[in-house]
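In the working numbering, the protein residues as written are 89 to 521. For glycine and all other residues, C-beta sits at the position ideal for the given N, C-alpha and C.
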């Protein structure tokens, strides 16, 4: 599951981008390109000319190397990467008409996924880990009304841009800190997030600088695959180009309330929301059965704790997800949290982060394991220590260490052996062109 693309969340500058992971996302189309922020510069003035027409082209390349010397089913080393291109067009600037914004993006994904095998974890070790494909990502039109207080967006959307996201959590590489471990396991296709965006409508109403209300209605399974697919667990290879639009499974609704406050210069953002899916979901103890509808609720807090001088601050987050539908969900509750120190060692662009979380398997699944004579799945715990090094405005390196205790709550690998606790080491790089 990828993080969000070049866009902003509305209560806090949230999603780290598949195009610019670790770089603060741009709020709007800029008036000109600062050649220092993009490796390829201003293209001899072409970029500024395009911006004058309302067109901004953004290109980014991400590469990661991962090694798992300890634990899992076996030791492994892996490379994954992605290249993403996005074109944002301000149609008002381009045409002079009272129109909104058009966005189209695509990505080329490479490398070999490794979290399912040999790590056997609930969620991806990296938030760019996906099947090797070149695909259309997002395609949408957005318009603002009522003095820009009401924003309407329609198209092929990544709803992870707006819902269930912690701004502080996006400093980490483990996918569970961006898109939570619970919807990633409990919804079709890991939920409506990259690289599998979904046909959707999203509304945002800004009541005041402190209050935002968000709602989205989407297709819950744009790929159209089965919920469980042993040959293609993420269902991404059923639609490798990202152009399939299935409307036969069910509808997925999201709602979220966001409250922002500032106390003595310490900014905090608090969110409460939930989702409801009208589709059918397999029973956790008997795959021959299925259940109609699914739901969950969640809460998130992002808070600045302390400022240390001009460039350094300590931020923290905590997030919880829960559902009572234990008969149809693999994960029934999850909690994560962490700290991010911005500007450590006097380096304004760097971030030092420490995070931890857990995902608890359904008791129905545990009872089914017991009846089958298998280890009962329980709770998986993940821990991450990471450091973002902003070498230049367009180049970022991020060494990363992760630990997983009780992968997937304690299961057996394909050889029938218990999957051991894991230590994983990674190096992430991002270049903005």
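Pairwise C-alpha distance: residue j and residue i
| i | j | result |
| --- | --- | --- |
| residue 440 | residue 259 | 9 Å |
| residue 153 | residue 264 | 19 Å |
| residue 218 | residue 161 | 20 Å |
| residue 519 | residue 451 | 44 Å |
| residue 377 | residue 197 | 35 Å |
| residue 485 | residue 358 | 30 Å |
| residue 282 | residue 307 | 14 Å |
| residue 513 | residue 445 | 18 Å |
| residue 156 | residue 183 | 53 Å |
| residue 443 | residue 256 | 10 Å |
| residue 268 | residue 132 | 42 Å |
| residue 204 | residue 494 | 14 Å |
| residue 348 | residue 475 | 27 Å |
| residue 525 | residue 189 | One cannot answer for residue 525 here, as it falls past the ends of the chain, which runs 89 to 521. |
| residue 413 | residue 383 | 7 Å |
| residue 140 | residue 128 | 19 Å |
| residue 368 | residue 230 | 31 Å |
| residue 213 | residue 507 | 16 Å |
| residue 237 | residue 515 | 41 Å |
| residue 151 | residue 175 | 21 Å |
| residue 403 | residue 335 | 41 Å |
| residue 173 | residue 461 | 49 Å |
Cβ pair residue i, residue j closer than 8 Å
| i | j | result |
| --- | --- | --- |
| residue 492 | residue 510 | yes |
| residue 126 | residue 483 | no |
| residue 303 | residue 342 | yes |
| residue 225 | residue 312 | no |
| residue 447 | residue 210 | yes |
| residue 216 | residue 168 | yes |
| residue 250 | residue 285 | no |
| residue 241 | residue 319 | no |
| residue 422 | residue 409 | yes |
| residue 309 | residue 276 | yes |
| residue 356 | residue 400 | no |
| residue 418 | residue 273 | yes |
| residue 73 | residue 371 | Beyond the ends of the chain as shown, which are 89 and 521, falls residue 73; an answer cannot be given. |
| residue 164 | residue 206 | yes |
| residue 261 | residue 501 | no |
Opening and closing residue of the alpha helix (DSSP H) in which residue i lies
| i | result |
| --- | --- |
| residue 305 | Segment 299-307 is the beta strand (DSSP E) holding residue 305; no alpha helix (DSSP H) there. |
| residue 382 | Not the alpha helix (DSSP H): residue 382 falls in the beta strand (DSSP E), residues 378-396. |
| residue 179 | 179-183 |
| residue 271 | 269-274 |
| residue 554 | Because the chain is modelled from 89 through 521, residue 554 falls outside the range shown and cannot be assessed. |
Element boundaries [beta strand (DSSP E), containing residue i]
| i | result |
| --- | --- |
| residue 321 | Per DSSP, residue 321 belongs to no beta strand (DSSP E) and is neither H nor E. |
| residue 194 | 189-199 |
| residue 239 | 238-245 |
| residue 419 | 419-430 |
| residue 400 | 400-410 |
| residue 515 | 508-520 |
Simplified DSSP assignment, three categories, for residue i
| i | result |
| --- | --- |
| residue 153 | strand |
| residue 451 | helix |
| residue 277 | helix |
| residue 459 | helix |
| residue 174 | strand |
| residue 255 | coil |
| residue 204 | helix |
| residue 373 | coil |
| residue 228 | strand |
| residue 283 | coil |
| residue 166 | strand |
| residue 414 | coil |
| residue 348 | strand |
| residue 502 | coil |
| residue 495 | helix |
| residue 434 | helix |
| residue 441 | strand |
| residue 248 | helix |
Cβ neighbour criterion (16 or more within 10 Å) applied to residue i
| i | result |
| --- | --- |
| residue 390 | buried |
| residue 457 | buried |
| residue 195 | buried |
| residue 193 | buried |
| residue 201 | buried |
| residue 433 | exposed |
| residue 503 | exposed |
| residue 112 | The predicted model places residue 112 with a pLDDT of 31, which falls under 50 and marks its position as unreliable, so this point remains unresolved. |
| residue 134 | exposed |
| residue 351 | exposed |
| residue 199 | buried |
| residue 158 | exposed |
| residue 388 | buried |
| residue 380 | exposed |
| residue 346 | buried |
| residue 266 | buried |
| residue 108 | Note that residue 108 has pLDDT 31, beneath the 50 cutoff, so the model's placement of it is unreliable and the number below is only indicative. Buried. |
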